[in-house]
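Chains as they are written, first to last, in full-length UniProt numbering: chain A, 1 to 508; chain B, 1 to 333; chain C, 1 to 178.
Beta carbons are placed, not taken as given, at the ideal position from N, Cα and C, and that holds for glycine.
Keep in mind the model is a prediction, meaning the values are calculated, not measured.
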């Protein structure tokens, strides 16, 4: 079984005490920030990026991944017990989870959520295990034209599928691409937009940009957010769901796994969208939809399974193609680049220990979460009482001092503050920072490979269509670019036909 | 990757505890008056590296610092300050007090090649430093995809339309390849990559047919038969690739290698320099350091500071002449 | 600024038995109001101006041709995209309705950002300890509405902890006074 050997070796990597420790640390931090409203996983990962400098790439990504899926678990706890969604991906869990808690079945809700999350995560991992080698088979066929097409497609997808205004998302993405051109041009050595500043000669570092836009930007934004006061939490008893509950939710868990898995792979998708979709699906399928919102177990099982399946499967495009599917994955991409590893089709071959180590760590991490999440509920509820007023300066200082330690440079700290303010303003004016960061990460990859392609293809743009992979990707690009227009056309026609029967509601 | 993070952790731990023990609680803001009256060294010595952690310059700095710190009896933490090919770190160390507590590991290419590619503001002169000792030599090798059907420089001259990958603008790889192409009158397109690894991958996938990279980046693939070594650019044959001819042997004037040296700010006292030199020389003799060189395919070039200055200055002039003679500009691809 | 402490709590009403729809509606109502036409104009205008500035700077770098590109070509294309999208946004979003309105609480952010800038300016000169202490105190007392006692206590504890971790523990080279 040659095929399974690297998978087994991957387990060896995770079970190394060091990696196991960081995995535990990651899921703990993840759960913690999932519990605390305010900072999300993207902000936390951005703030903690400097911490990964001194450790090995595998260990670093294992920890960061742990934060990501751990947050999905943590968000559930506050949703169920306090009706406070700690994470965007747990908002729908509030509806039925809190009702269950009010009926004295808080333990059941948490237990089902944990089991569903575990199964969802596991399905994601199995999918990743089988899909990755297939993609890796094409690895060496990926030359500059393919990379350019792939990066172009990824940026477009994230910009168009994100929430809010599409035009603003595209502006943010284009600005990210422009920002990536600062520094010395790889091809001519000419300095671009550096204004004679030696600190900018190598371009703007990804980490301060991410720490600023996601981390400090969010901290500043939270300064003016009104926090809902925490209520006295519901009592947690009989954590293990009854056989009847399990039977009732097994279908929802199965459907949630599959739905989450596929929505997670799509760029722009991810945990939040899949939890919403899973809730909608369960409600639609139910024989008695009126039970939803009054404590239906499926209403917890479906979304919680889906968000974890999606959190895992969103690693697929990153680790196999080098295309981050959402903002958090863009941070993972940056973290890997810092470690000298370029995610892409070659990753599985060149760094099998890293690939399988990270994939299998999610398996171990899910087990850790399953074991820990319930006994730790009491502690998390206590942590919720730590006042935001005290946490805010602590996170701000961690960000600032952490930024300094990356390159021992005050300039990076200045950048973090500048991008923190930009991040705050972007949020206020309705620009998503996600597409900007993503485009910034992929920017130099895109430009360099585009120009490299033109060199290899002797300046013939048509050459892109002469290569099967790049041609396919570009056709996809056109489809994605044109699809929203077709969709809105269709919707308008439909709406016109059925204008009397119902009003179409746009998803804002 | 390999084993260095463990070593790094140990060095880090050692330096942290040494800082604790030796400096107690001395601030580092506006420091300058450190009593060098007592026998040097009395506190940790910073080694600044103008490259990111994990690269070959960083690994070399850590290996030498590890050995020398044992000999000197103080910690020698390595501080990474990447940026502008190392110019950022070099300029910073220039401005540090010349008391022997601020050292740097310098790349020759920063002195000899970078000035050909960038403006005045980034150029760094070796005369602004006290060179303590030379360290080692890292050779460039030109490799080809086996399917390209080229084994020698002569084969290359007969082919048309090949693309040649380099590891970036202002690197030895670019200079060496450009000089060879020009001197041998080879037609081809130069394709710059961001660093060695992607260039090697591109050759493996036959995206470009030929590339010039540092030996360490291609050795495994050469041994596995996936890359064909064509020529090395050192003046003498590389001990790790004894069967591959040098460009000089083939009759081309392309003496390009990467060299590294330990330097201190200008004006460092003579006795401090002597003490450091002894420490480095003792490190060179240790088996651990020699093994490190072997593993990383580095050829020792442990020459004196004066020799480093002479050699690097000569090389800088030589490269300038060669690029002018053959009408090569590193600023354009 | 002390009123902010009280404003953070939402009146606990008889909202225990809300349906999901009602709950969602309640959250919607609690969310800050969206920005108006002026905010849209400002945002789109800034994007357009940035794009135009990018085009001018890129032109100075030289464009070249697609097969022989100069360093300015790619940034020029990106700047052009920003400018066009910025102009489009001026029209698309002319009614407003995106983003969030600035409120009285936004002053807190301005104040917070100013303290961060102060920290950056002072850190290389007098080390991180005193500026961090001040920042912690200001954020806890004036931005967060903590009491004098807890603000002082926690600020000192936080800075001491950071000193222990970053300077004594990790041995980083962060500028420090002590």
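Self-check item: Collapsed DSSP secondary structure at residue 164 (chain B) in the structure displayed
Solution: DSSP places residue 164 (chain B) in strand when its eight states are reduced to three.
Quiz item: What do you reckon, are the CB atoms on residue 241 (chain B) and residue 232 (chain B) nearer than 8 Å?
Solution: Contact: yes.
Quiz item: Within 8 Å (strictly less), CB to CB, does residue 173 (chain C) reach chain B?
Solution: Chain B contact via Cβ: present.
Quiz item: Mind checking if residue 140 (chain A) is an interface residue toward chain B, Cβ cutoff 8 Å exclusive?
Solution: Taking Cβ atoms only, chain B reaches closer than 8 Å to residue 140 (chain A), which makes this a yes.
Self-check item: Secondary structure of residue 145 (chain B), DSSP reduced to three states
Solution: Coil.
Quiz prompt | Whole-angstrom distance between residue 114 (chain A) and residue 102 (chain B), CA atom to CA atom | solution = Cα-Cα distance, rounded: 54 Å.
Quiz prompt | As assigned by DSSP and simplified to three states, the class of residue 302 (chain B) | solution = Of the three classes helix, strand and coil, the one that applies to residue 302 (chain B) here is coil, per DSSP.
Exercise. Identify whether residue 132 (chain B) lies in helix, strand or coil by the three-state DSSP scheme.
Key: Three-state DSSP puts residue 132 (chain B) in a strand.
Practice problem: Quickly, what does DSSP pair residue 69 (chain C) with across the bridge? List them, please. | Solution: In the DSSP secondary-structure assignment, residue 69 (chain C) is bridged to C:64.
Quiz item: In terms of alpha-carbon separation, which member of C:95, C:96 and C:59 lies closest to residue 80 (chain C)?
Solution: By alpha-carbon distance to residue 80 (chain C), the top candidate from C:95, C:96 and C:59 is C:59.
Practice problem: Indicate whether the contact test is met: 3 or more Cβ pairs, each with one atom in the stretch 60 to 75 of chain A and one in the stretch 351 to 369 of chain A, closer than 8 Å. | Solution: Counting C-beta pairs with one atom in each stretch, the stretch 60 to 75 of chain A and the stretch 351 to 369 of chain A have three or more that are closer than 8 Å, which means they touch.
Quiz prompt | Per-residue burial, residue 65 (chain C) [other beta carbons within 10 Å of its own, 16 or more giving buried] | solution = Around the beta-carbon of residue 65 (chain C), fewer than 16 other beta-carbon atoms lie within 10 Å, marking it exposed.
Quiz item: Just by C-beta distance, which residues in the stretch 125 to 150 of chain C are closer than 8 Å to chain B?
Solution: Against chain B - using a Cβ distance shorter than 8 Å - the residues of the stretch 125 to 150 of chain C are 125, 126 and 127.
Practice problem: Run through the UniProt domain "DUF1468" (43 to 175) of chain C for me and flag every whole alpha helix (DSSP H) of 4 or more residues, listed as ranges in chain order. | Solution: Whole alpha helix (DSSP H) segments, 4+ residues: 73 to 92, 106 to 126, 129 to 138 and 148 to 162.
Quiz item: If you draw a straight line from the C-alpha of residue 296 (chain B) to the C-alpha of residue 54 (chain A), how long is it?
Solution: Rounded to the nearest angstrom, the two C-alpha atoms are 21 Å apart.
Quiz item: Hey, does residue 272 (chain A) have any beta-carbon neighbour from chain B nearer than 8 Å?
Solution: It does not: the Cβ of residue 272 (chain A) has no partner Cβ on chain B nearer than 8 Å.
Exercise. Report yes if the CB atom of residue 110 (chain A) is closer than 8 Å to the CB atom of residue 80 (chain A), and no otherwise.
Key: Their beta carbons are under 8 Å apart, which means residue 110 (chain A) touches residue 80 (chain A) by this criterion.
Quiz item: How is the alpha helix (DSSP H) around residue 188 (chain B) delimited, first residue to last?
Solution: Careful: residue 188 (chain B) lies outside any alpha helix (DSSP H), inside the beta strand (DSSP E) at 188 to 192.
Quiz item: Given that residue 429 (chain A) touches chain C, what residues does it touch there, using C-beta distances under 7 Å?
Solution: Neighbours of residue 429 (chain A) on chain C, chain order: 35, 39, 43 and 99.
Practice problem: Count the other C-beta atoms from every protein chain shown that fall within 10 angstroms of the C-beta of residue 419 (chain A), then say buried if there are 16 or more, exposed otherwise. | Solution: When all chains shown are included, residue 419 (chain A) counts as buried.
Quiz item: Along the chain, where does the alpha helix (DSSP H) that runs through residue 46 (chain B) open and close?
Solution: It is not in any alpha helix (DSSP H) - residue 46 (chain B) instead sits in the beta strand (DSSP E) that spans 46 to 49.
Quiz item: Got a sec? Which residues, its chain only, sit under 8 Å from residue 480 (chain A) by beta carbon, not counting five neighbours each side?
Solution: Exclusion of the five residues before and after residue 480 (chain A) leaves 153, 156, 157 and 160 as the residues of its chain whose Cβ lies within less than 8 Å of its Cβ.
Exercise. Could you tell me the distance, in whole angstroms, from the CA atom of residue 206 (chain A) to the CA atom of residue 216 (chain A)?
Key: If I take the Cα positions, the gap works out to 14 Å.
Quiz prompt | Rounded straight-line distance, which links the Cα of residue 254 (chain B) to that of residue 247 (chain B) | solution = Going from the Cα of residue 247 (chain B) to the Cα of residue 254 (chain B) covers about 6 Å.
Quiz prompt | residue 13 (chain A) in three-state terms, based on DSSP | solution = Three-state result, residue 13 (chain A): helix.
Self-check item: Minimum Cβ-Cβ distance from residue 192 (chain A) to chain B less than 8 Å
Solution: Closer than 8 Å to the CB of residue 192 (chain A) there is not a single CB belonging to chain B.
Quiz prompt | Beta-carbon proximity list for residue 22 (chain B), same chain, < 6 Å, skipping 5 on both sides | solution = Bear in mind that a pLDDT of 42 at residue 22 (chain B), under 50, signals an unreliable position, so the number given afterwards is only what the model happens to contain. Closer than 6 Å at Cβ, skipping near neighbours: 43.
Quiz item: Can you tell me where the beta strand (DSSP E) with residue 106 (chain B) in it begins and where it stops?
Solution: That run of the beta strand (DSSP E) goes 102 to 107.
Quiz item: Shorter than 8 Å from the beta carbon of residue 163 (chain C) to some beta carbon of chain A?
Solution: Chain A places no beta carbon closer than 8 Å to that of residue 163 (chain C), leaving this residue out of the contacts.
Exercise. Identify whether residue 108 (chain A) lies in helix, strand or coil by the three-state DSSP scheme.
Key: Residue 108 (chain A): helix per DSSP, three-state reduction.
Quiz item: Ordered along the chain, which non-local residues of its own chain (more than five positions away) have a Cβ less than 6 Å from that of residue 82 (chain B)?
Solution: Around residue 82 (chain B): 51 and 52.
Quiz item: Using a beta-carbon distance cut-off of less than 8 Å, what residues from the stretch 157 to 190 of chain A approach chain C?
Solution: Hits within the stretch, in order: 164, 165, 167, 168, 170, 171, 174, 175, 177, 178, 181, 185, 187, 188 and 190.
Practice problem: Starting from the beta carbon of residue 112 (chain C), find every residue of chain A whose beta carbon is closer than 7 Å, and list them in chain order. | Solution: Simply 220 and 223.
Exercise. Counting only the same chain and skipping the five closest in sequence on each side, list residues whose C-beta sits under 6 Å from that of residue 83 (chain A).
Key: In its chain, beyond the 5 residues on either side, 94 and 98 have a beta carbon closer than 6 Å to the beta carbon of residue 83 (chain A).
Self-check item: Separation of residue 36 (chain C) from residue 97 (chain C), as counted between CA atoms
Solution: Approximately 6 Å between the Cα atoms of the pair.
Quiz item: Hey, how far is the Cα of residue 118 (chain A) from the Cα of residue 263 (chain A)?
Solution: Going by the C-alpha atoms only, they are around 17 Å apart.
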